[in-house]
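*Asks:*
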Amino acid sequence: MPSSRRITVPPLTRVEGEGRLLIRVSDGRVDETRLNIFEPPRFFEALLRGRAYTEAADITSRICGICPVAYQLSALAAIEQICGVGVDGQLAALRRLLYCGEWIESHALHVFLLHLPDFLGCDSGLELAREHPAVVRPGLELKKIGNTLMTLIGGRAVHPVNARVGGWYRAPTRGELDRLVGPLERARDIARDTARFVAGLDFPDDEVGAVFVALRQSGQYAIERGRIASSEGLDIAAADYDSHFVEEQVPWSTALHSTLAPLPPLPPHAPLAPHAMSAAGGSYLVGPLARFALNARWLAPAARETAAEVGLRPPERNPFRSIIVRCVEMVHAADEALRIIGDYTEPAFPAVPARPRAGIGHGVTEAPRGLLYHRYSTDRDGTILDAKIVAPTSQNQRPLEEDLRDVVERSLDLPEADLARRCERVIRNHDPCISCATHFLTLDIDRG
Amino acid sequence: MRTSASTSPSASPSTAAARPRLAVWKFASCDGCQLTLLNCEDELLPLAAEVEIAYFLEASSATVAGPYDLSLVEGSVTTQADAQRIGEIRAASRRLVTIGACATAGGIQALRNFADVDGYLAAVYATPAYVSTLSTSTPISAHVRVDFELQGCPIDSRQLLEVISAFLAGRRPAISSASVCTECKRRGTVCVMVAHGTPCLGPVTHAGCGAICPAWHRGCYGCFGPMESPNTPALVRELTVLGMDDRETGRVFRTFNAAAPAFLAASRDAAEGGGIHAEDTDAEDTDAEDTQAEDTHAEQ
């Protein structure tokens, strides 16, 4: 019998509905890593059936309170494609502006309250605030500015109410946006200072091998629109997503796994079927590392300068260093928001008319955690017949498991407690939605 | 008592023990209501000095065993394991407050209560047998005694701070049970229904958001759930005059607070009027009994 052991990293205390990690080791090699996600299923794709095309944005925003704008704008892009309306000009710029607020809010939450405590040996952002108030207090200020931007455009920061099919219920006035200029300049400064600070942290060695996938839009660091691109040369429209990416269910998780389909691609628009079991394809990574690898040249000048100053160069493959990329992206989001506000003129109408039609629409945007894909089919009166939503976390689940396997294999000589802590850090590097349960793992070893 | 910024967190267990102990729990939900607490950027650090945050996985890995002085519960019960867990949390909590539409009214995921959950599973998962779920999404009050229910999808941060302050001070929270209409009046917003003919659920919806939607030229869509004793039949007549058919009125009451008794009754009336999913009415009746038994706001 080879010497083997089974390392389970279960939820801490009474944390059903979150995550658990199982690692099987034999003869110094990791045979298997499984990240169980126990988040109870909420069946959004099923409950959308029979709803009106005008309801998709508000309903799907309830999938995630941390990135509701991502869900709203992916849904609206898909529905507007069905309706055959283009949202352009200032109406589109306002969507990008709202999204900048969400990037700042979500990244600041992760950087200061979830991720940074790992690097500085604290249990929480609150403890961090006591130990390092000079870092955390500006961080909370930065987060608040993101929320203020979302509230001004969207009415509130969590599940904003203003975005609708064809545009907005109400466009902000010039004067309202002008009030954001001072705070956003301050946000850009805080993000830049934070990038300098985090770049000096101690980063363990690690390298993800997965293909990077992100939206790409010539001339802009893609956020709310673009084509789907990869570090291997993929370049497709959102409508071709289904022919290149496959979702599959694994027994140990309620989150579906996504893989890049092996070539040749499936026929376009083939099955409007449930997420299919499939032959394994290649893993790919979405999120800040992927965006930075594919789109760094389009960052706003202030963000490009910050990246250069702190020694960040694309492609960055160490997930521990994603904290620096998030800071650079916050510099970009603040700078981009200032540019949009500077160019803003109040539109004559807050929305363009959008009539229901029968059809299939695809929408894809860059949530703070990465690519978010929606597909709907509707009948003539706009009733939703079918919906498919692929969240960043399900796309990142497989590369995350691969990352964990590599790290564990190199760290098997660590004491168990340290190994568990290292695993938690690897998971948090990718900012999965289950990272709401920060530090949610403890280690239990079953020696086989 | 207050602790200074330089105090070592592990230095004085007696100080920690003297502070009230707060716990935040998550069930099936989007995390938005917990996030509302973290979004109180200006109040977060002072609050953390006033209370011991004994269990809050979104914010901290340091956890403390019960009992807790105040438990805030986000999310609805959708699995057998969660049905058991909420009982354990209740037993460990002196006061238990639900935060948000999921914990208070089952949330958007309670739409499964009107459908065949096996069909839902098959729509999302290739192998439904791998997934464990209950056929219903139920509010916390369907399982344990609840000291206060804070409505909203998401909750409002000012109301949350009032609830925390009130329970820590041993008083009832000063939360208005009036409708969104009162907030429009206070805000000086022109009535979108009267002035523009925009359908609005404000007259039957619980106040608390600050009447955001009408201020953004949109009708209220009821995300705070029913106010106390709402007159939904009167509103439905107005909505019909504005051109909404039974299917549409059924839909607007079946969103984020679909299992709240008053909205449940309104959507059932619409369904009986020939609108949405008439075949589902049996399922609704069953769920209505479950929920109404525990909810004092049930429309009789």
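Chains as they are written, first to last, in my numbering: chain A, 6 to 453; chain B, 40 to 339. Glycine included, each C-beta is placed from N, C-alpha and C at the ideal position.
1. With C-beta atoms as the reference, is TYR289/A less than 8 Å away from SER235/A?
2. Looking at LEU40/A and the ligand MN, is the gap between the Cβ and the nearest heavy atom below 7 Å?
3. In the DSSP assignment, what are the bridge partners of TRP64/B?
4. Taking only the alpha-carbon atoms, compute the straight-line gap between LYS65/B and VAL170/A and give it to the nearest angstrom.
5. Note down, in chain order, each residue of its chain lying with its Cβ closer than 7 Å to the Cβ of ASN434/A, except the 5 sequence neighbours on either side.
6. In whole angstroms, give me the CA-to-CA distance for PHE250/A and ILE394/A.
7. Beta-carbon of VAL163/A versus every beta-carbon of chain B: anything under 8 Å?
8. Between the region 58-73 of chain A and chain B, which residues of the former have a C-beta closer than 9 Å to a C-beta of the latter?
9. Using beta carbons (cut-off 8 Å, strictly below), is ARG226/B in contact with chain A?
10. Tell me whether ASP123/A sits in a helix, a strand or coil according to DSSP, three-state version.
11. In the DSSP assignment, find the alpha helix (DSSP H) that holds TYR246/A and state where it starts and stops.
12. What did DSSP end up calling PRO420/A once you bin it into helix, strand or coil?
13. Am I right that ASN401/A and GLY368/A are in contact with their C-beta atoms under 8 Å? What's the rounded C-beta distance?
14. Which whole-angstrom value describes the C-beta separation of CYS69/A and GLU107/A, a residue pair presumed to lie in contact below a C-beta threshold of 8 Å?
15. If we cut at 8 Å on Cβ distances, does GLN148/B have a partner in chain A?
16. If you run the structure through DSSP and keep just helix, strand and coil, what is TYR94/B?
17. List the residues of chain B whose Cβ lies closer than 7 Å to the Cβ of ARG433/A, in chain order.
18. Let me know the secondary structure DSSP gives ASP155/B once reduced to three states.
19. Expressed to the nearest angstrom, what Euclidean distance is found between the alpha-carbon atoms of ALA304/B and VAL275/B?
20. Considering only the beta carbon of each residue, do PRO253/B and THR271/B sit closer than 8 Å?
21. Can you tell me which of the three DSSP states GLU351/A falls into?
22. Could you check the C-alpha separation between ARG403/A and LEU185/A for me, to the nearest Å?
23. Determine the extent of the beta strand (DSSP E) in which SER235/A is found, giving its start and end residues.
24. Sort out for me which residues DSSP pairs PHE187/B with in a bridge.
25. May I ask you to list the residues that DSSP assigns as paired with TRP108/A?
26. Check this for me: beta carbons of TYR107/B and ARG184/B, under 8 Å apart or not?
27. Quick check on LYS148/A: buried or exposed, where buried means 16 or more other Cβ atoms within 10 Å of its Cβ?
28. Under the three-state reduction of DSSP, which class applies to HIS182/B: helix, strand or coil?
29. Counting along the chain, where does the alpha helix (DSSP H) carrying ASP207/A start and finish?
30. In terms of residue numbering, what span does the alpha helix (DSSP H) encompassing GLY258/B cover?
31. Taking a Cβ distance cut-off of 8 Å, strictly less, list which residues of the region 70-84 of chain B are near chain A, in chain order.
32. So which residues of chain A does ARG257/B contact, with C-beta pairs closer than 7 Å?
33. May I ask you to report which of helix, strand or coil DSSP gives SER45/B?
34. Quick check on DSSP: helix, strand or coil for PRO212/B?
35. Measure from the C-beta of GLY314/B to each C-beta in chain A and report whether the shortest distance is under 8 Å.
36. Residues of the region 103-127 of chain A with a CB closer than 9 Å to any CB of chain B: list them in chain order, please.
*Replies:* Looking at the coordinates:
1. It is a contact, given that the beta carbons lie within the stated cut-off.
2. Ligands are entirely absent from the displayed structure, and the ligand MN is therefore not among its contents.
3. According to DSSP, which records beta bridges pairwise, TRP64/B is partnered with VAL112/B.
4. The alpha-carbon atoms of LYS65/B and VAL170/A are separated by roughly 32 Å.
5. Excluding residues within five positions, the ones whose Cβ falls inside 7 Å are PRO324, PHE325 and SER327.
6. Distance from the CA of PHE250/A to the CA of ILE394/A, rounded to the nearest whole angstrom, comes to 12 Å.
7. Taking a beta-carbon distance threshold of 8 Å, VAL163/A counts as an interface residue toward chain B.
8. Those residues of the region 58-73 of chain A placed with their C-beta closer than 9 Å to a C-beta in chain B are GLU60, ASP63, ILE64, SER66, ARG67, ILE68, CYS69, GLY70, ILE71 and PRO73, ordered along the chain.
9. Closer than 8 Å: no.
10. In the three-state reduction of the DSSP assignment, ASP123/A falls in the helix class, which pools H, G and I.
11. Start and end: 246-249.
12. Here PRO420/A sits in coil by DSSP.
13. The C-beta distance from ASN401/A to GLY368/A rounds to 19 Å, too long to meet the 8 Å contact threshold.
14. Contact flag wrong, Cβ pair sits at about 10 Å.
15. Answer yes: the Cβ-Cβ gap between GLN148/B and chain A drops below 8 Å somewhere.
16. Note: TYR94/B maps to strand in three-state DSSP.
17. Going along chain B, no residue has its Cβ under 7 Å from ARG433/A, so there is no contact; the nearest lies around 10 Å.
18. Coil at ASP155/B, not helix or strand.
19. Going by the C-alpha atoms only, they are around 12 Å apart.
20. Against a cut-off of 8 Å, the Cβ pair of THR271/B and PRO253/B comes out as no contact.
21. Looking at GLU351/A - three-state DSSP - the assignment turns out to be coil, as it is neither helix nor strand.
22. Their backbone Cα atoms lie some 40 Å apart in a straight line.
23. Looking at the DSSP string, the run of the beta strand (DSSP E) that includes SER235/A is 232-235.
24. According to DSSP, PHE187/B bridges with VAL136/B.
25. Under the DSSP definition of a beta bridge, TRP108/A lacks any partner.
26. Result no, Cβ atoms of TYR107/B and ARG184/B do not sit closer than 8 Å.
27. Buried.
28. The DSSP-derived three-state label of HIS182/B is coil.
29. Careful: ASP207/A lies outside any alpha helix (DSSP H) and carries neither H nor E.
30. Careful: GLY258/B lies outside any alpha helix (DSSP H) and carries neither H nor E.
31. Here the close residues are ASP70, GLY71, CYS72, GLN73, LEU74, THR75, LEU77, ASN78, GLU80, ASP81, LEU83 and LEU84.
32. Contacts between ARG257/B and chain A, judged by CB atoms closer than 7 Å, involve VAL166 and TYR174 in chain order.
33. With a pLDDT of only 35 at SER45/B, under the threshold of 50, the placement of this residue in the model should not be trusted; the figure read from the coordinates follows. In the structure shown, the three-state DSSP call for SER45/B is coil.
34. In the structure shown, PRO212/B falls within a coil segment according to DSSP collapsed to helix, strand and coil.
35. In this predicted model, GLY314/B has a pLDDT of only 43, less than 50, meaning its place in the structure is not dependable; the value taken from the coordinates is given anyway. Contact of GLY314/B with chain A is not assigned, every C-beta pair being separated by 8 Å or more.
36. Correct list: GLU110, LEU114, LEU118, LEU119, PRO122 and CYS127.
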